[in-house]
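Notes follow once the structure below has been shown.
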Amino acid sequence: FFEIEASAGGEREGPRGTGPRHPAPAASRGRASARASKMLDSNTTQALLLSYVAALGTTVGGGIILAFPRLNFEQLGILAGLAAGLMLSMIFFELIPEALESISFNLTNACFFGGILFFAAIVRMVPEQNLELLVSSRGGKAGKGKLSKEYRKILLSGVVTAFGITLHNFPEGLAIFLAAKKSTKLGLTLTAAMTLHNLPEGVAVALPIYFATKSRWQALKVCFLSGLAEPLAVVFAAFFFPASVSKTAVDAMLAGVAGIMAFLVFYELLPHAVKHSGFDRAVFSIFSGMAVMSCLLSAADGMLGGLH
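Per full-length UniProt numbering, the sequence shown starts with residue 1, numbered consecutively.
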């Protein structure tokens, strides 16, 4: 009812109903300034750059298909196997050991399986693409005049797929943010795995859009916009996360990221690898991916071990 002190650094208010005597309190400007400075810290800037690199994997995946019109499913399967191997190596040689350093085995388990359940719910929103059906329909004409009913269906399928993969990419951007917050080494190696994983996603987005419209530009544009979910996730996390997150909290969230990656491997990448390249080639490509990531982790440990 009477005059009330504003928070530190602010102005005083007059009697109720009269409004402030002076402009908005400095405390509000201070909070906004703190948020802005948090958005621009070195870890956040690094995470944002890495998320753009990973996001470009979606665009590059679409570009590969458009540059080489004859889709080779065997090569796509080998690529999926390599991505699976990279991710498995990250999970078991980096993320889980990092988490176990500061949190208990039970909490690590709970966060790991929580990540699996969370991403399973996200994946339910992503429609299943029948790439063979799309490729078999390639000979028809589209993009000239009114689209046929068949091609309108394919176009709608592509748009829905792009929307689903955009949702699918958002937690991957959060994963890159958390990894970069933990260390430069972890951020770089996770980005390498996510970028390769995003190549087949670019294929899934570009194929239906291109087959329906015959426009390379439209297909690449949708791939690019779909990939932007990852840097947007970094901006979201930087804005809403506390300025200082405890090491325990970061490691718990990274255990959840390991669960997300495990689900990606066993639900998406391994089935595609076996289906398109055959069991033997899939196994070889998976172990090759694990070996490559192990070498990357070792090299990163030597070059970036002191950076955090």
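Positions of the beta carbon are idealized from the N, C-alpha and C atoms, including for glycine.
Does DSSP put residue i in a helix, a strand or coil?
i: residue 247; result: helix
i: residue 214; result: coil
i: residue 65; result: helix
i: residue 270; result: helix
i: residue 93; result: helix
i: residue 281; result: helix
i: residue 228; result: coil
i: residue 241; result: coil
i: residue 116; result: helix
i: residue 288; result: helix
i: residue 42; result: helix
i: residue 122; result: helix
i: residue 51; result: helix
i: residue 294; result: helix
i: residue 165; result: helix
i: residue 78; result: helix
i: residue 209; result: helix
i: residue 131; result: Low local confidence applies: a pLDDT of 45 at residue 131 is under 50, so the model's placement there is unreliable, with the coordinate-based value given in what follows. In the structure shown, residue 131 sits in a helix (DSSP, three-state: H, G or I).
i: residue 183; result: coil
i: residue 102; result: helix
i: residue 299; result: helix
Could you pull out every residue in the same chain whose Cβ sits closer than 6 Å to the Cβ of residue i, ignoring the five residues on either side in sequence?
i: residue 111; result: 252, 255, 256
i: residue 282; result: 81, 273, 274
i: residue 277; result: 74, 77, 78
i: residue 197; result: 83
i: residue 44; result: 238
Nearest by alpha-carbon distance to residue i: which of the options is it?
i: residue 98; options: 219, 260, 250; result: 250
i: residue 230; options: 202, 53, 189; result: 53
i: residue 296; options: 187, 212, 101; result: 187
i: residue 103; options: 192, 246, 163; result: 246
i: residue 215; options: 199, 67, 42; result: 67
i: residue 86; options: 264, 276, 47; result: 264
i: residue 83; options: 178, 284, 299; result: 284
i: residue 162; options: 61, 276, 227, 281; result: 227
i: residue 195; options: 79, 278, 45; result: 79
i: residue 90; options: 59, 236, 262, 168; result: 262
i: residue 235; options: 43, 48, 298; result: 48
i: residue 210; options: 222, 199, 272, 191; result: 222
i: residue 178; options: 191, 58, 168; result: 191
i: residue 121; options: 100, 237, 185, 267; result: 267
i: residue 237; options: 109, 180, 276, 219; result: 180
i: residue 51; options: 96, 280, 169; result: 169
i: residue 105; options: 270, 248, 271, 42; result: 248
i: residue 201; options: 224, 182, 218; result: 224
i: residue 292; options: 56, 271, 43, 193; result: 193
i: residue 95; options: 45, 189, 241; result: 189
i: residue 46; options: 288, 270, 182; result: 182
i: residue 56; options: 100, 109, 165, 199; result: 199
Got a sec? Which residues, its chain only, sit under 8 Å from residue i by beta carbon, not counting five neighbours each side?
i: residue 260; result: 115, 116, 118, 119, 171, 172, 175
i: residue 290; result: 85, 86, 88, 89
i: residue 220; result: 59, 62, 63, 66, 206
i: residue 218; result: 209, 210
i: residue 286; result: 81, 82, 84, 85, 88, 270, 273
Which residues in the same chain have their Cβ closer than 7 Å to the Cβ of residue i, if we skip the five residues on either side of it in sequence?
i: residue 65; result: 71, 203, 206, 207
i: residue 139; result: Its pLDDT being 44, under 50, residue 139 is placed unreliably in this model, and the value from its coordinates should be taken loosely. Closer than 7 Å at the Cβ level, and outside the excluded window around residue 139, lies no residue.
i: residue 93; result: 294, 297
Is it the case that the CB of residue i approaches a heavy atom of the ligand HEM more closely than 6 Å?
i: residue 174; result: Within the structure as shown, the ligand HEM is missing, as the structure has no ligands at all.
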